[in-house]
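Reading through the structure tokens given below for one structure.
Chains as they are written, first to last, in this note's numbering: chain X, 4 to 362; chain S, 755 to 1259.
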């Protein structure tokens, strides 16, 4: 325990301190409110598989799309000092392409699903490139640049399937959206884990993390050290494109249909929020992907807690806003600095008393 | 002593986690005096200033203003008690007019009469002899004038103590003189001025008294007449000057006949006119000229930092193309940029990451240097260059200027360049580090590295370079070698070979 507190308060507050405390507080709150909130049971779903069920599982499961998008958004934020607000619309496009390709074949096999996913990836990456070029080459502010796709993205999604909301039914799609037979953990959770591992590997086997941070902190210096800032920014948008395709695929698979109007609606703001709650500066520079993932779970846990308290869905947003204001203020540099000062003074006083005893 | 004491700081302590930044420092400022505050980087000058201006809270000691103990808890408090600061970086708004800048934030009433304000501004500016008008856009004025406007603003706020923190580092000689005249003027009006600078010459030109700090402690307070330059330097770095003089005398910079390493013909970039340049293996050359003469732009063109328009380049006799920084780096060229903050450090990244950055870029994105290797490199260069940092994981932005510069030097040394371009590597850093960097340059040259060294201090260039290229108005106007390398000759060449010009001043 001591080690953990030490790690959390190393010198100044660590980046992950606040999101972790937020999660802990939400857990404690729920535990007091309803001790049964966290019970995890095993139930049998329609296919007769034994699967994990419970509030905690549905929180982690429900946050999957958000978590995947938040990971990509972190990279864009770090490199471009701005956010992509078109991820929801882009996910609708990716989802539509996914369904379109699935529907093109006569039957749905593993191969067609893979092909459909890859097509969705390519399309989402192309739209990412479009955003990326606007930002990196034409130096348009990310929010303005992505406003274009935000505005027209769902219309494009509408055209792809001719305005219909086609359904896809296949055991493979069900497996992606809920459970793989024999595995009790929801598949979207596994996908999040997989994407997180991919990011970890990406940062381990390339120096993308260092280059992205350098560009985000001091673009001019990065350029004079031979880094190509245009390329790094573009790349961050393309990587976010892959995340968008993954999120879109999960979303479609959950419902077994594509609704271009409602798929991942308003997810962009939650995504940006997840990045911020994770302690990442929205002004770019240093980042921690893990923070954003935790941020995504904080948001989802908050939502589910409110629903569990029987708050009506129209009111949820207002309550959410209150909690988020508190989180963001606590995480602000001003409060953080004061807190670390306070903690430092407590720690140093402790040390002094210890010294005094020895003396 | 005879003069009335204006400000007295007694036994000031300031602790930072793990460091005692100030240890019982005394400082006394009298009415109508210019008092230089000297010390190496990390000596505690800035900390003392920040305690005085309320940016930091002192942990011990007291501050007395005109005999009364004052408690300064915020910059606002400091300003209200008549302590104003003008920083090195202009902290005004360039897109407002001069008069707006002078009165912003201290107007009462919701209606503002712009005409009246401009008139008032003009009066103040005129009385201080500042060549600006209230209606001018601040951003259109030269840096020196902007700085003076900041001073005028401070003076008009009824300031008794004026702190000038490195006010001259981005000014040219003429502008410095203008600033000095203003300082003398204020002095005669009874303002006490604290002058923080790294330029020894300037200290001796305007100051009445010097207080020297070292490692957070007071070394002493001296009248300017009582402290010769050499003694001042030795007090600042705390060791005898044998080393310094040894460096200037012993190093015989003979022109070795060796192969040409880099050769450019008709090189031009978006910022320069076309020029020819070559450097031999193991040679140290310099570009000199006034600010804006094109010396920095020329070396930037060599490194491909600006858009290269034309030119043929040969390295070791082979034709190469250098259009962007990475091309230059792959051809063994390193470049330490003039503006350390803007073009050098990645402030929030650690010392380790800053050191390995250039090498990592050269290795390419897909061959990351392992963490353990990175740590080994960082440890090595922290030791070799004697970088003072709490650890290799400390963000480089929290280091002192001289140590930041060493980190960037380490970054380029790690790439083992054949040709290293150092643009103002010693600007704004302390005497001790300056000396270390000069030594390093000569050592590198001995090892066969070609170095281009740019400095606004001609003396420093004469000490290190064996060949000086003189520039004026974006043209190369002369090349000095061997016996021609004297301060006088450099001045003459910069001025255009006419000794008459000097006398006219």
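A virtual CB, placed ideally from N, CA and C, is assigned to each residue, including glycine.
Problem - Own chain partners of residue 362 (chain X) with C-beta closer than 6 Å, once the 5 adjacent residues on each side are dropped - result: Since pLDDT at residue 362 (chain X) reaches only 34, below the 50 mark, its modelled position is unreliable, and the value read off the structure follows with that caveat. For residue 362 (chain X), where only same-chain residues beyond five positions count, there are no Cβ hits under 6 Å.
Problem - Own chain residues within Cβ distance below 8 Å of residue 230 (chain X), not counting five before or after - result: 214, 217 and 218
Exercise for the section: Starting from the C-beta of residue 918 (chain S), find all residues in its chain whose C-beta is less than 6 Å away, skip the five residues before and the five after it, and write them out in chain order. Expected result: 840 and 949
Problem - residue 2 (chain X): contacting residues in chain S (beta-carbon distance under 7 Å) - result: Residue 2 (chain X) is absent from the structure shown; chain X starts at 4 and stops at 362.
Practice task
Identify whether residue 1271 (chain S) lies in helix, strand or coil by the three-state DSSP scheme.
Solution key: What the structure shows of chain S is the stretch from 755 to 1259, and residue 1271 (chain S) is not part of that stretch, so it cannot be assessed.
Problem - Listed by chain order, chain X residues near residue 1089 (chain S) by CB distance under 8 Å - result: 227
Handout entry: residue 263 (chain X) burial status per 10 Å Cβ neighbour count (16 or more: buried)
Key = buried
Handout entry: Residue closest to residue 1027 (chain S), alpha-carbon to alpha-carbon, out of S:1246, S:1243 and S:1228
Key = S:1228
Handout entry: Residue from S:1099, S:1091, S:1095 and S:1057 with nearest C-alpha to residue 1079 (chain S)
Key = S:1057
Exercise for the section: Could you check the C-alpha separation between residue 363 (chain X) and residue 337 (chain X) for me, to the nearest Å? Expected result: No answer is possible for residue 363 (chain X): the residues shown for chain X start at 4 and end at 362.
Practice task
Check the Cβ-Cβ distances between residue 283 (chain X) and every residue of chain S, and say whether any is below 8 Å.
Solution key: no
Exercise for the section: Look up residue 801 (chain S) in the DSSP assignment and say whether it is helix, strand or coil. Expected result: helix
Exercise for the section: Report the neighbours of residue 220 (chain X) on chain S: residues whose CB is nearer than 8 Å to its CB, in chain order. Expected result: 1100, 1101, 1102 and 1103
Practice task
Look at the Cβ atom of residue 182 (chain X), then the Cβ atom of residue 190 (chain X), and state whether they are nearer than 8 Å.
Solution key: yes
Handout entry: Member of X:224, X:101, X:120 and X:341 whose CA lies at the smallest distance from the CA of residue 163 (chain X)
Key = X:101
Problem - Span separating the alpha-carbon of residue 971 (chain S) from that of residue 305 (chain X) - result: 54 Å
Practice task
Given a cut-off of 8 Å, decide if residue 340 (chain X) and residue 73 (chain X) are closer than it, judged by their beta-carbon atoms.
Solution key: no
Practice task
For residue 1089 (chain S), collect the residues of the same chain with a Cβ closer than 6 Å to its Cβ; drop the 5 residues on either side in sequence, then sort them by chain order.
Solution key: 1057 and 1175
Practice task
Return the residue from the list S:1187, S:936, S:960 and S:1081 that minimises the CA-CA distance to residue 1060 (chain S).
Solution key: S:1081
Problem - Closer than 8 Å to chain X by CB, residue 1215 (chain S) - result: no
Problem - residue 830 (chain S), buried or exposed, once every other Cβ within 10 Å from all chains shown has been counted against 16 - result: exposed
Practice task
On a CA-only basis, which of X:141, X:232, X:111 and X:133 is nearest residue 174 (chain X)? Give me that one, please.
Solution key: X:111
Problem - residue 823 (chain S) classed as buried or exposed, judged by whether at least 16 other C-beta atoms fall within 10 angstroms - result: exposed
Problem - Unbroken stretches of the beta strand (DSSP E), 3 residues or longer, contained in the region 875 to 920 of chain S - result: 915 to 919
Exercise for the section: Compute every distance between the C-beta of residue 1077 (chain S) and the non-hydrogen atoms of the ligand NAD, then say whether any falls below 7 Å. Expected result: Within the structure as shown, the ligand NAD is missing, as the structure has no ligands at all.
Exercise for the section: Find the residues of chain X that neighbour residue 1059 (chain S), judging by a C-beta separation of less than 9 Å, and give them in chain order. Expected result: 226 and 227
Problem - Contact set between the region 1048 to 1076 of chain S and chain X, restricted to residues whose Cβ is under 8 Å from the partner - result: 1057 and 1059
Exercise for the section: Specify the secondary structure class of residue 1089 (chain S) as computed by DSSP and reduced to three states. Expected result: strand
Handout entry: Three-state class that DSSP yields for residue 779 (chain S) in the structure shown
Key = strand
Practice task
Determine the DSSP secondary structure at residue 1248 (chain S), reduced to helix, strand or coil.
Solution key: helix
Exercise for the section: Kindly say whether residue 293 (chain X), judged by its beta-carbon, lies nearer than 8 Å to any beta-carbon of chain S. Expected result: no
Exercise for the section: Name the one or two DSSP bridge partners that residue 1206 (chain S) has. Expected result: S:1039 and S:1175
Exercise for the section: Mind reading off the beta-carbon distance from residue 836 (chain S) to residue 914 (chain S)? Whole number of angstroms is fine, and I expect it under 8 Å. Expected result: 4 Å
Exercise for the section: Keeping to the same chain, check which residues put their C-beta closer than 6 Å to that of residue 143 (chain X); ignore five residues upstream and five downstream. Expected result: 137
Practice task
Please report the residue range of the alpha helix (DSSP H) in which residue 174 (chain X) lies.
Solution key: 174 to 180
Problem - Helix, strand or coil at residue 851 (chain S) according to DSSP, with G and I counted as helix - result: strand
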